[in-house]
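Before any comments, here is the structure.
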Amino acid sequence: MSSTLLFDLPGPKARARIRIATIVGGLVVLAVIGFVLWRLGGNGQLDPQRWAVLTDTRTGVPQALGEALVRTLRVAAVGMVLATLFGLLLAVGRLSDHRWVRIPTVTVIEFFRAIPLLVVIFALYFVLPKFGIQISAFAALTGGLVLYNAAVLAEIFRAGILSVDRGQREAAFGLGMRKSQVMSLVLLPQAVRRMLPVLVAQLVVLLKDSSLGFIISYFELLRQARSLVEFFTPRFGNEYTFQLYVAAGLIYIVLNVLLSQLAKYVERRTRRDKKTAATAEVAGSAEAPVGAPTGPA
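Residue numbers (UniProt numbering): 1 to 297.
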């Protein structure tokens, strides 16, 4: 169905109003940016000498931010992989026909969805040692990210699986497939394509939440920027504070943009592969002689 059937196309007057609103909005944004740059320039924050500290290896700032970036990526990568795997297992458990599997799974999902992520990290880092379980800052931060995001991803997976047409599931069972085969071969491939944008959005949130390592002194980007500010302040005052925090923020922005672009690339590839497979199937059926079998008997 064409998307133009879902709404009325704007007429000449409506298009003119949209064009004027776009121009006015753009001008307002440019004015705000110009005002911010003017204020920063008036305070000397745009002085090239201040920004040079970010690239001068003699200051140790590039090396420190690079090490912090590696630590941030390590937490994010481990958290994304484990949260996705555990989220998928929890989603399958919640869809189970067995009550002894479904009820505990629902309890775990709702429990960790209801608790703030910061509380989970605090519990792992400060409470567990009181019971004789010593845990590092890396493990506490990663564990908190995994537990919280796995619960959220479980609901995303469940919604994606349930969005697949019920007739496909029934047809797969009619062909003699087991439930595990229906889930892995029929439902999940289609569900992943449908929920990919939401899935990536949640992984972006996970990446940004790695900054909560600041609270437990894990030296990710934000904590490292704060440490550099504390190092430079006794010598130079607040001369480099703004630049250091901006650098950390820009690194987070670049990482999130790259992750979003990667998701778009994967989505385009999966759509292209799906269309190619469908075209090949149609072409094969068209080239086959009338009455000839087109597949296994």
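Note that beta-carbon positions come from the ideal geometry of N, C-alpha and C, so glycine has one too.
Neighbourhood of residue 301 by C-beta distance below 8 angstroms, restricted to the same chain and skipping five residues each side: No statement about residue 301 is possible, as the shown extent of the chain runs from 1 to 297 and does not include it.
With 16 other Cβ atoms within 10 Å as the buried cut-off, status of Arg-94: Result: buried.
Limits of the alpha helix (DSSP H) - the one that Glu-230 falls within: Looking at the DSSP string, the run of the alpha helix (DSSP H) that includes Glu-230 is 221-236.
Of the listed residues Phe-232, Thr-233, Ser-211, nearest to Arg-223 (C-alpha basis): Nearest C-alpha to Arg-223 among Phe-232, Thr-233, Ser-211: Ser-211.
When Arg-268, Leu-221, Leu-141 are compared against Gln-63, the one with the closest alpha-carbon: Cα-wise, what sits closest to Gln-63 is Leu-221.
Cβ-based burial, Val-146 [other Cβ within 10 Å; buried from 16]: Buried.
Under the three-state DSSP convention, the category Asn-149 falls into: In the three-state scheme derived from DSSP, where H, G and I count as helix and E and B as strand, Asn-149 is classed as helix.
Buried/exposed call for Arg-268, threshold 16 Cβ in 10 Å: With fewer than 16 other Cβ atoms from the protein chains shown falling within 10 Å of its own Cβ, Arg-268 counts as exposed.
Same chain, Cβ closer than 7 angstroms to Tyr-252, neighbours up to 5 away in sequence not counted: Lys-208, Leu-221, listed in sequence order.
Local conformation of Thr-241 per DSSP, three classes: Correct three-state label for Thr-241: helix.
Lys-122, enclosing alpha helix (DSSP H) - first and last residue: First, the amino acid is wrong: residue 122 is Phe here, not Lys. For Phe-122, the enclosing alpha helix (DSSP H) starts and ends at 117-122.
Contacts around Val-75, its chain only, beta-carbon distance under 8 angstroms, and the 5 residues preceding and following it disregarded: Here the set comprises Phe-138, Leu-141, Thr-142, Leu-145, Ser-210, Gly-213, Tyr-218, Glu-220.
Whole-number beta carbon distance between Leu-187 and Ile-156, since they are thought to touch under 8 angstroms: At roughly 14 angstroms, the Cβ-Cβ gap does not stay under 8 angstroms, so Ile-156 and Leu-187 are not in contact.
Ile-133, buried or exposed, once every other Cβ within 10 Å from all chains shown has been counted against 16: Per the 10 Å Cβ criterion, exposed.
Cβ-Cβ separation, Phe-86 to Ala-191 (assumed contact under 8 angstroms), whole Å: At roughly 17 angstroms, the Cβ-Cβ gap does not stay under 8 angstroms, so Ala-191 and Phe-86 are not in contact.
Whether Tyr-240 touches Val-53 by CB criterion (8 angstroms): Yes, the pair counts as a contact, with Cβ atoms nearer than the cut-off.
Endpoints, alpha helix (DSSP H) assigned at Ala-91: 61-94 is the extent of the alpha helix (DSSP H) around Ala-91.
Opening and closing residue of the alpha helix (DSSP H) in which Ile-215 lies: Segment: none, Ile-215 is in no alpha helix (DSSP H) and carries neither H nor E.
Whole-angstrom distance between Met-195 and Lys-179, CA atom to CA atom: Each residue's Cα considered, the two are about 21 angstroms apart.
Status (buried if at least 16 other CB within 10 Å, exposed otherwise) for Ala-171: Exposed: under 16 other Cβ atoms inside 10 Å.
8 angstroms Cβ cutoff met for Ala-154 and Leu-90: Against a cut-off of 8 angstroms, the Cβ pair of Leu-90 and Ala-154 comes out as a contact.
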